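In what follows, a structure is listed as structure tokens, so that the remarks can point back to it.
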Ligand code: NAD
Ligand code: TYD
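Written out as structure tokens, the structure is:
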């Protein structure tokens, strides 16, 4: 597929969205980008610093028709990263997830159709497949979607909408299903940045249950390259798994990063499990690999680079972790878990 002249990247101030904007600036010299983001608690304009004048930042909400319509002008591709993205928050309140991840996607699709955008890429997740524990198979794009958390349910709903616009209106749509992603600039609520920053502050690393749940960790640069490959080469109407073929348990995540940071294993603390915890995700990325994409960054190398970034960029995460929003979330979510563990150990 030919180059795109102007790409609308929504959720561009978040973790993977900002990585993708950086990737396009580096890889596609003639492409202009509209970096659109509502700047929720997870969005950080600093993530887009220094990317040059081919990137125009627009603050806006994907569920706001007027804002989306204005941002869509002259755009020939949309890549939608905007989402409420954290499972534990979706267990506290599903409504913001429905609003952004479902309603917002409907607005984007309507406006992309109206503007006759050439291609629409929906960034989805391997969590739409549900739990694979008890089997050693890997999810295929042809599997039935069986989401089990409110977050995953809204991402699956969005996929159905995207596909339906492809079928009903002949829109050119593609979907990526990335596995758990890690790297610089990830908001410190997900396991890897939470545990790295906790360890750097000599605070406990709260592992849910027995710490045996498995995830397939994909480095952010590889995820962005995969999305870009699917945007340019993916077949219309299809979904593509993006995974690293690297299955790691929670205990292994904690031990590896403590080793990189030279901190004691005694920081690991087992706490009450997540309700409805999916114990294994694992995708087969063969279909994306057939387009020429390959995962380049190995787990240990990616984790070392990530640990180094957080150690070197303390101002970035000090500002996040010091905010009232982050502290309130940690208190609500981990306060009862950590005090239960202490009580159990008494
Ligand atoms: P993130 O939480 O870091 O970023 C989400 C961004 O979306 C933030 O900048 C936020 O301000 C913005 N946003 C939220 N609601 C919005 C709205 N209504 N309008 C406009 N902007 C809004 O998330 P992330 O980890 O970068 O994930 C990006 C995408 O990738 C999401 O769609 C997520 O489902 C998907 N994904 C994430 C992972 C992962 O491991 N992080 C894995 C696979 C897929
Ligand atoms: P997370 O980073 O929240 O990603 P997701 O649930 O979307 O896959 O969690 C990854 C794994 O780490 C998951 O098995 C839950 C576990 N986990 C913990 O054990 N403790 C924590 O504090 C967090 C946030 C996650």
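Numbering (my numbering), first residue to last: 6 to 351. Don't be surprised by glycine CBs; every beta carbon is placed ideally from N, CA and C. Owing to the predicted nature of the structure, the values given are computational and were not obtained by experimental measurement.
Looking at residue i and ligand 2, is the gap between the Cβ and the nearest heavy atom below 7 Å?
i, result
"residue 270", "no"
"residue 91", "yes"
"residue 263", "no"
"residue 16", "no"
"residue 273", "no"
"residue 279", "yes"
"residue 182", "no"
From the DSSP output, read off the bridge partner residues of residue i.
i, result
"residue 224", "187"
"residue 62", "40"
"residue 134", "In DSSP, residue 134 forms no bridge with anything."
"residue 246", "182"
"residue 85", "15, 127"
Report the rounded CA-to-CA distance for residue i versus residue j, giving the unit in angstroms.
i, j, result
"residue 325", "residue 53", "16 Å"
"residue 277", "residue 342", "6 Å"
"residue 350", "residue 132", "Model confidence at residue 350 stands at a pLDDT of 35, short of 50, so the residue's coordinates are unreliable; what they give is reported in the following sentence. When rounded, the distance between both Cα atoms is 33 Å."
"residue 14", "residue 136", "30 Å"
"residue 112", "residue 260", "43 Å"
"residue 253", "residue 81", "38 Å"
"residue 220", "residue 184", "8 Å"
"residue 344", "residue 213", "14 Å"
"residue 59", "residue 257", "41 Å"
"residue 32", "residue 26", "10 Å"
Take residue i and list the residues in its own chain whose beta-carbon comes closer than 7 Å to its own, dropping the five residues that flank it on each side.
i, result
"residue 105", "67, 68, 87, 88, 89"
"residue 103", "159"
"residue 348", "Residue confidence is low: residue 348 scores 41 on pLDDT, short of 50, so the model does not pin down where it sits. No coordinate-derived value is stated."
"residue 265", "308, 309, 312"
"residue 288", "131, 143, 144, 182, 184, 221, 246, 248"
For residue i, which residues from the same chain have a beta carbon less than 6 Å from its beta carbon, with the 5 sequence-adjacent residues on both sides left out?
i, result
"residue 300", "227, 249"
"residue 237", "6"
"residue 408", "Here the chain has residues from 6 to 351 only, and residue 408 is not among them."
"residue 203", "210"
"residue 138", "284, 285"
"residue 268", "204"
Starting from the C-beta of residue i, find all residues in its chain whose C-beta is less than 8 Å away, skip the five residues before and the five after it, and write them out in chain order.
i, result
"residue 339", "211, 276"
"residue 18", "40, 42, 44, 48, 49, 50, 52, 53, 62"
"residue 35", "8, 10"
Below 7 Å, is the gap between the Cβ of residue i and the nearest heavy atom of ligand 1?
i, result
"residue 245", "no"
"residue 44", "yes"
"residue 86", "yes"
"residue 128", "yes"
"residue 192", "yes"
State buried or exposed for residue i, treating a residue as buried only when at least 16 other CB atoms are found within 10 Å of its CB.
i, result
"residue 116", "buried"
"residue 149", "exposed"
"residue 196", "buried"
"residue 234", "buried"
"residue 91", "buried"
"residue 280", "exposed"
Can you tell me whether residue i sits near ligand 3, meaning its C-beta is under 7 Å from at least one heavy atom of the ligand?
i, result
"residue 213", "No copy of ligand 3 appears in this structure; the ligands present are ligand 1 and ligand 2."
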